């Protein structure tokens, strides 16, 4: 399993830097420090490998801590993913492959469907607890948040904005129209919420996307 994970993370580095079409398996095996035989033992093709990177988004276990309000957990899902996009190369490679249009055989629907289902589940539980305004349908805000997050990710990269701040502004704007006032005033939607939700108030973290990985791209792929 460690070899497979190493290949996935190396592939994510190359896909993030070069995109699907320009990515080469020779570069991936160099960064992963494995043979082509080892790569083909786990993945049938570049397309198969790219699909596994895409599906990494929805295959990870939710890691947010239980909160007093399910509405806060709803917020935490997006804020944690925003944090991971800064610090986890596998998530960044997955996000790029999901958003770009190359590799027509790839199934890009699974991440969207998975995130919508998770958000809808949390919104449904929040409604059962009386946290939502009476008119709120759990499905609609879930689709809105997932779609908006994808757009903000693209816009932030294009304009050089900080994704964490943009996602924070999204939740700060949207949540008061979804939850009762007693819940709204107690939600943490401020920048850095993802790190706080994962690692406590200090926001300490171990960055899986180390500079070593990025330097490896420059050294091996350039």
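In the working numbering, the protein residues as written are 22 to 243. C-beta: ideal position from N, C-alpha, C; glycine also. As the structure is a prediction and not an experimental result, all values here were calculated from the model.
Closer than 8 Å by C-beta to residue 96: which residues in its own chain qualify, once you throw out the five before and the five after it? Chain order, please. Mapped onto the chain shown, residue 96 falls at position 75. Only 192, 196, 208, 209, 210 and 214 meet the Cβ criterion.
Span separating the alpha-carbon of residue 98 from that of residue 201: Here residue 98 refers to the residue found at position 77 when the chain shown is read from its first residue. Here residue 201 refers to the residue found at position 180 when the chain shown is read from its first residue. Using only the alpha carbons, I get a separation of about 20 Å.
Report the CB separation of residue 204 from residue 132 in whole angstroms; it is logged as a contact under 8 Å. Residue 204 sits at position 183 when you count from the first residue of the chain shown. Residue 132 sits at position 111 when you count from the first residue of the chain shown. Actually they are not in contact, since the Cβ atoms of residue 204 and residue 132 sit about 28 Å apart, beyond 8 Å.
Hey, how far is the Cα of residue 49 from the Cα of residue 114? Counted from its first residue, the chain shown places residue 49 at position 28. Counted from its first residue, the chain shown places residue 114 at position 93. Cα-Cα distance, rounded: 13 Å.
Three-state secondary structure (DSSP) at residue 200? Sequence index remark: in the chain shown, residue 200 carries index 179 (1-based). Strand at residue 200.
For residue 36 versus residue 118, is the C-beta distance shorter than 9 Å? As a working mapping, residue 36 is identified with position 15 in the chain shown. As a working mapping, residue 118 is identified with position 97 in the chain shown. Cβ distance < 9 Å, so residue 36 and residue 118 count as in contact.
Residue from 104, 41 and 116 with nearest C-alpha to residue 85: Position 64 of the chain shown, counted from the start, is the residue given in the question as residue 85. That would be 104, whose Cα lies nearest to the Cα of residue 85.
Below 8 Å, can you find three or more Cβ-Cβ pairs linking the region 66-81 to the region 27-36? yes
Start and end of the alpha helix (DSSP H) containing residue 180? If you number the chain shown from 1, residue 180 lands on position 159. 160-180 is the extent of the alpha helix (DSSP H) around residue 180.
Per-residue DSSP class, three states only, for residue 143: Taking the chain shown and counting its residues from 1, one reaches residue 143 at position 122. Looking at residue 143 - three-state DSSP - the assignment turns out to be helix.
Whole angstroms are fine: how far does the CA of residue 198 sit from the CA of residue 110? Within the chain shown, residue 110 is the residue found at index 89, counting from 1. Within the chain shown, residue 198 is the residue found at index 177, counting from 1. Distance between the alpha carbons of residue 110 and residue 198: 34 Å.
Name the residue from 156, 130 and 47 whose alpha carbon lies nearest to the alpha carbon of residue 167. Reading the chain shown from its first residue, position 146 is the one you call residue 167. Out of 156, 130 and 47, 130 has the C-alpha closest to the C-alpha of residue 167.
Helix, strand or coil: which one does DSSP assign to residue 156? Indexing the chain shown from 1 puts residue 156 at position 135. Residue 156 falls in the coil class under three-state DSSP.
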